[in-house]
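Numbering (this note's numbering), first residue to last: -16 to 113.
Beta carbons are placed, not taken as given, at the ideal position from N, Cα and C, and that holds for glycine.
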């Protein structure tokens, strides 16, 4: 699994679960931001940029990283393409969120079902082909 990025208004926090040694420095130091019992478990806007930088710098494994945002920077444009007889292919800065606000998946590209037959809704699993 690649690193996952949690977006904030001023900066983002990236987390690489494969690099994490579960020292829990982040959870102990800044529990309002890092809470493993919550989804999403990282809320960058619940702390100040300075607090986040300090916690990320203290991460012993380097599993956490800060992604700064330039003031007023726009997110990557999102493109939605309807594939003939298939899914919607979405590319750009994409984040699919459940009704409860939990992030289901984020990434640069994904295929969303538009036929209603997928067993992995909202994502396409190729069921439209049968």
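task: Check the C-beta distance from residue 30 over to residue 39 and give it rounded, since I have them as a contact under 8 angstroms.
output: Mapped onto the chain shown, residue 30 falls at position 47. Mapped onto the chain shown, residue 39 falls at position 56. Between residue 39 and residue 30 the Cβ distance is about 11 angstroms, and since that is not below 8 angstroms, they are no contact.
message: Please report the distance separating the alpha-carbon of residue 86 from that of residue 25.
response: Counting from 1 along the chain shown, the entry for residue 86 is found at position 103. Counting from 1 along the chain shown, the entry for residue 25 is found at position 42. For residue 86 and residue 25, the distance between alpha carbons rounds to 11 angstroms.
message: Does residue 68 pass the burial test, meaning 16 or more other C-beta atoms within 10 Å, or should it be called exposed?
response: Here residue 68 refers to the residue found at position 85 of the chain shown. Exposed is the call here.
Those runs of the beta strand (DSSP E) which lie wholly inside the region 17 to 65 and span at least 3 residues: 47 to 51, 62 to 65
query: Assuming residue 23 contacts residue 35 under a Cβ cut-off of 8 angstroms, what Cβ separation, rounded to an integer in Å, is found between them?
result: The count along the chain shown starts at 1 and reaches residue 23 at position 40. The count along the chain shown starts at 1 and reaches residue 35 at position 52. Wrong, their Cβ atoms sit about 15 angstroms apart, outside the cutoff.
- prompt: If you draw a straight line from the alpha carbon of residue -10 to that of residue 49, how long is it in whole angstroms?
  reply: The count along the chain shown starts at 1 and reaches residue -10 at position 7. The count along the chain shown starts at 1 and reaches residue 49 at position 66. Those two C-alpha atoms are separated by around 10 angstroms.
message: Taking DSSP's pairing of strands, which residues face residue 74 in a bridge?
response: The residue given as residue 74 occupies position 91 in the chain shown. According to DSSP, residue 74 bridges with 62, 92.
field: Best match in 11, 43, 79 for proximity to residue -1 [C-alpha to C-alpha]
entry: Taking the chain shown and counting its residues from 1, the one referred to as residue -1 is at position 16. The residue with the shortest Cα to Cα distance from residue -1 is 43.
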